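Asks: Here it is: the structure, laid out below.
Residue numbers (this note's numbering): 2 to 91.
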């Protein structure tokens, strides 16, 4: 079985990516539902997990460094704006 991981695309959709996250260029295997918090997120991830297993992939934790992920991608937009200001410079 080949490795794959689940992550949100730059467009805001959940997707299954091939590899372990150390690849120079990400390769999307399939795209799922748009990112939505709460139960919708759990359902979207469950769909992609099922697809990955049925397609012969082993889901792994991606191997990228924290510096590869912009801070605003990890924090809810409203909280980011409250902490850093709307332009990120406060």
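Beta carbons: idealized from backbone N, C-alpha and C, even for Gly. Treat the numbers as computed from the prediction; the structure is a model and nothing was measured.
1. Residue 16: buried (16+ other C-beta within 10 angstroms of its C-beta) or exposed?
2. Which residue from 60, 31, 27 puts its Cα closest to that of residue 3?
3. Tell me the DSSP secondary structure of residue 3 in three-state form.
4. What first and last residue would you give for the alpha helix (DSSP H) that runs through residue 54?
5. Looking at the secondary structure, which residues open and close the beta strand (DSSP E) in which residue 35 lies?
6. Select from 77, 85, 82, 64 the residue whose C-alpha is nearest the C-alpha of residue 18.
Replies: From the atom records:
1. buried
2. Checked all of 60, 31, 27; the closest Cα to residue 3 is 60.
3. Strand, per DSSP.
4. 40-55
5. Start and end: 28-35.
6. 64
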